Structures are given as C-alpha cells and as structure tokens.
Amino acid sequence: MKKILFLLPLILFLASCGSSSKVVKRTPYKKSVVKEEGLKTFNSTFRGALDARRNELLKDSEKYIGAPYKYGGNTSSGFDCSGYTVKVFTENNENLPRRSQDQAQAGESVSVRQVEPGDLVFFATAGGNNVTHVGIVHDIGDDGEIKFIHASTSKGVMISSLNEKYWNKAFLFARRVL
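Numbered according to mature numbering (1 follows the signal peptide of the UniProt record, and there is no 0), the sequence shown spans residues -21 to -1, 1 to 157.
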C-alpha cells in the first residue's frame, strides 16, 4: 500500500510533464548570438505588414514545430527539409518541386537584405556551393535578424537564426515564391 501511495504522485507528475498543449508565438526564438570573426551580417530591411497569404503560410508552417526529422518524409509524422517546405506551400495552393536543389530554381532571386517572411532560404550544409538544405523565412526581428523555420536533422521542425554560426556559414541565397 505504501508503494502505491508513493508511486501514484510520481506517475501523475511524470504524466503531467509529457502532456502539454502547444502554444506557438510568431517569435519563439530568442537567443543572443555572440558576434564572431568571420561571420557575415545578414539583416533584412523588411519592417512592413504581411499580406493574408503570407500570414496563412506562416501559420501553417508553425503548426509543425516539433515534428520529427525523417529522411524523405513529408508528413507531420516526419519531415525532411524539402518535404516540409513542399507540405507547407502545398497547403497554401503553391506547388514546389520535391528536392531542395530544384526548389532553389523556383520563384525569383531576392537579396538577403530584402527577404520577407514566407521567402525560402537555401544552404550548403555539406560545404561548397551545392544546395543541401532549405527553410522558410519565419520572422524578421526589430534589429533585422532573420529567423527561419525548417526541418533540422537533429531537432526536427524548429526555428533558427541566420546569426547562428552554423547557418551563417552555410547560407547561400534566398528566393521568393509567393
């Protein structure tokens, strides 16, 4: 009987930690980034309001935050980077090619200083200049910091910043599809 009385609160505590409703704000990423020598400065001058189409795309992109990474995946049970962008854009009646290399040809080129939420950003995560990763610009901070939402191999769908050393060095270019 003592074991049951001891285990019951423990079980309730553990169960409560695992079941929480997901609340997502437009700017959940707040991490101070130390300026390091050799990093590029990527800031956007965008300070305007988003149209309804871009707002809806971002809302749809946020609902998958926390979904796991799965190579070749394009559903909420697991995404790879290009599968994630295809899913979000398809939900908004916009067709993208399946591979990130092909998505890099869609739409029109846009300067990193002119990116807006909803634009695509491309990376060479294996070095060189070949596109190996894609994300969606999620938010532009008051200071111009560019945050993007993507399916990372380590943490699944998440928000990152171009000011993070890894992404800063891997960044290639941006494209506007909407």
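Backbone N, C-alpha and C define an ideal beta-carbon position, used for all residues, glycine too.
Fair warning: this is a prediction, and the values are worked out from it, not measured in the lab.
Per-residue burial, residue i [other beta carbons within 10 Å of its own, 16 or more giving buried]
i	result
residue 229	Because the chain spans -21 through 157 in this model, residue 229 falls outside it and cannot be assessed.
asparagine 142	buried
serine 40	buried
threonine 64	buried
glycine 106	exposed
Proximity winner among the options, relative to residue i (alpha-carbon distances)
i	options	result
alanine 153	Lys19, Pro76, Asp39, Ala83	Ala83
leucine 157	Leu36, Ser55, Gly57	Leu36
serine 79	Ser88, Ala31, Val100	Val100
lysine 19	Ile125, Gly45, Lys134, Tyr50	Ile125
lysine 66	Ala105, Asn22, Tyr43	Tyr43
lysine 49	Lys144, Ser140, Ser131	Ser131
arginine 26	Ala105, Arg92, Ser88, Ser140	Arg92
First through last residue of the alpha helix (DSSP H) which encompasses residue i
i	result
alanine 31	31 to 41
phenylalanine 102	Careful: phenylalanine 102 lies outside any alpha helix (DSSP H), inside the beta strand (DSSP E) at 99 to 102.
serine 56	Serine 56 -> no alpha helix (DSSP H), and no H or E assigned at all.
Same chain, Cβ closer than 8 Å to residue i, five either side skipped, listed in chain order
i	result
phenylalanine 102	Val110, Thr111, His112, Val113, Gly114, Trp146, Ala149, Phe150, Leu151
arginine 33	Glu95, Pro96, Gly97, Leu157
asparagine 108	Leu151
Residue i: CB within 8 Å of a non-hydrogen atom of the ligand MG
i	result
lysine 134	Judged by which ligands are present, the structure shown has none, so any question about the ligand MG falls away.
Residue i, enclosing beta strand (DSSP E) - first and last residue
i	result
aspartate 81	Run containing aspartate 81: none in the beta strand (DSSP E); it sits in the alpha helix (DSSP H), 79 to 82.
serine 88	87 to 89
DSSP beta-bridge partners of residue i
i	result
lysine 126	Asp118, Ser140
serine 131	Gly135
residue 228	No statement about residue 228 is possible, as the shown extent of the chain runs from -21 to 157 and does not include it.
Beta-carbon proximity list for residue i, same chain, < 7 Å, skipping 5 on both sides
i	result
glycine 52	Phe58, Asp59, Gly62
Neighbourhood of residue i by C-beta distance below 6 Å, restricted to the same chain and skipping five residues each side
i	result
glycine 86	Arg154, Arg155, Val156
glycine 123	Asn22, Ser23
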